[in-house]
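This report refers to the structure that appears directly beneath it.
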Amino acid sequence: MWLLVLAAYIFVGIASVPFHGDEAMQITMSRDYDTAFINHDFQALRVNPPYTVDSANWLRLINGSINLYTVGLSLQVAGYGEKDLPPVWIWPLSYNENVARGNRPTERMLIASRISSAVFLALSAAILFGIGWQLRGRWAGYTASGLYALNPVVLLNGRRAMMEGSVLCFGLLAILVAIVICKGRNGWRWWVALGIVSGLTLVSKHSGIVFVAAAFGWVVIRQMQIRLEPQRPGDNTKINHRGTESAEKNQTLIYDLIHVGVSILIMVGVFIALSPAQWNDPVARFGDLVSERAKLLESQVKAEPTAPTPLSERVAGIFTQPYVQAPVYFEAAFWGGAKAIQDEIAVYNGSIWSGLHAGTVIGSLLTLLALVGVVILLKAWRTWEIGVLVWLVVTVASLLVNPLPWQRYYLALYPLATLLAAIGVVAIIGWLNQRRSST
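Mapping the sequence shown onto the working numbering, position 209 (from 1) lands on 209, and the numbers just tick up by one.
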């Protein structure tokens, strides 16, 4: 029932979310769905250099494809066809100029396109509930999923017809599968599942590599922990009972390496299979992806007046973004002069569907609770829960090397921050109950 309530809250608010230009781009690019699944012209989705910025080939190369397909499916169900899609959004032009050219989707099309992303967001809340339950029981699950699904920044980005909903969903699912493996379910099906889900994470959005690295880092660190644990007298849990302890550890190490290797191969296979831009010579196209992404980042840094962000501000953002900072509705500063967008923001901000805005006081308290969660996990570093710290290190490292101050780039931190706060809440409640029972 709890998860259904959260899902309902997510869905009710999709109609009032302020528009973002990337939504228009994703909707326009959803014609790939028509090309592949209606026209069955898969060859048309292949790409080759040279790449012109904002061309179909370039957009297909630098973006994930899951959202394009699910938006396309949503539009087909809603009765739209390829001919109904708007022209590509032109970022150098103002909002009003784009609207005058017909580049903004109609409201009905926009709402239909947001449904799939909202589904992914609701599923990600359920997955985070499962992660919390695995770590500290059901109350951690309730707390983490509630803080997450009611967070204004998560709601804003997850409801939009963009890639954030799917990458949060599959990224958190990769983390959950890693937890299952680390808790002892080491069968092949779980390693296959890790590979598939990790591949889907990368296909959703390339920045999902943060979740993938955290998931694989978790299982690798845990397997290293197990290998380094001293043999206990009478331990009957070894794989090979006939050999010496050293031989058995070497054998299980080989098994672990095979598991990880196969899982990575499956991940790469899924990424290539579902990324049409990689079909024509995957090695060369991956090189193109890295190159074009680097060029895009360089151009974004040049265009952003506050970039590159000083290291001190990046560190401050890690502490303030999840709970203290207010939602940022657009990255391009000139959107601030678009009255239509400002009106949408005002209406959404004043509604009950925009989430629970914590503010400085409550936000600081939640941040302190998250820090308590970190301390609790540091004490448990010898257990499988060390993976949460691995997840934290990977996420923080990715944010420290990011030169852009855009809030969307901090989104991978939000589910982790809510999980840490939930662990802190459960720990404090447990301590208070213990004090009460001892008096």
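Don't be surprised by glycine CBs; every beta carbon is placed ideally from N, CA and C. Just so you know, these numbers come straight off a predicted model, no measurement behind them.
Delimiting residues of the alpha helix (DSSP H) encompassing residue i
i    : result
V47  : No alpha helix (DSSP H) contains V47, which DSSP labels as neither H nor E.
S145 : 138–149
F286 : 282–303
Y9   : 2–12
D84  : D84 -> no alpha helix (DSSP H), and no H or E assigned at all.
K339 : 339–349
V390 : 386–400
L61  : 56–62
Residue i CB to nearest heavy atom of the ligand SAH below 6 Å
i    : result
G269 : This structure lacks the ligand SAH, and indeed carries no ligand of any kind.
Which of helix, strand or coil DSSP assigns to residue i
i    : result
N39  : coil
G79  : coil
Y409 : helix
G184 : coil
D22  : helix
T106 : coil
T367 : helix
F319 : helix
L93  : coil
P152 : helix
K205 : coil
Proximal residues to residue i (C-beta, below 6 Å), its chain only, five neighbours per side dropped
i    : result
V328 : Q407
I181 : W190, V219
Y69  : Y33
W440 : In the structure as shown, the chain starts at 1 and stops at 439, and residue 440 therefore has no counterpart that could be examined.
Q134 : I179
H241 : Residue confidence is low: H241 scores 48 on pLDDT, short of 50, so the model does not pin down where it sits. No coordinate-derived value is stated.
L356 : L150
Euclidean distance between Cα positions of residue i and residue j
i    : j    : result
V177 : A213 : 13 Å
T143 : A417 : 11 Å
T35  : L365 : 50 Å
S204 : A277 : 13 Å
I386 : S437 : 30 Å
M29  : T383 : 45 Å
S299 : Q26  : 20 Å
A433 : L150 : Before going on, a small fix: residue 433 reads as Asn here, not Ala. C-alpha separation (whole angstroms): 27 Å.
P86  : F271 : 28 Å
Q43  : R285 : 15 Å
A294 : V71  : 27 Å
L253 : A421 : 35 Å
W381 : I66  : 36 Å
L369 : S74  : 39 Å
K238 : V283 : Confidence in K238 is poor, its pLDDT being 47 and thus under 50, which makes the residue's placement unreliable; the coordinate value appears in the next sentence. Computed Cα separation, rounded: 40 Å.
V374 : I209 : 23 Å
N57  : I111 : 26 Å
A273 : G64  : 12 Å
G317 : I131 : 25 Å
R60  : V88  : 13 Å
P480 : V394 : No statement about residue 480 is possible, as the shown extent of the chain runs from 1 to 439 and does not include it.
Neighbourhood of residue i by C-beta distance below 8 Å, restricted to the same chain and skipping five residues each side
i    : result
A193 : V177
G158 : I10, S117, A118, F120, L121, S124, E164, G165, L168
I345 : P18, Y329
L371 : L420, G424
I221 : I386, G387, V390
Close-in-space but distant-in-sequence residues of the same chain around residue i (CB under 7 Å, 5 per side omitted)
i    : result
V301 : A307, P308, P403, L404
W2   : Y142
I266 : V192, G195, I196, G199
W335 : Y95, I341
Y409 : N402
H259 : W191
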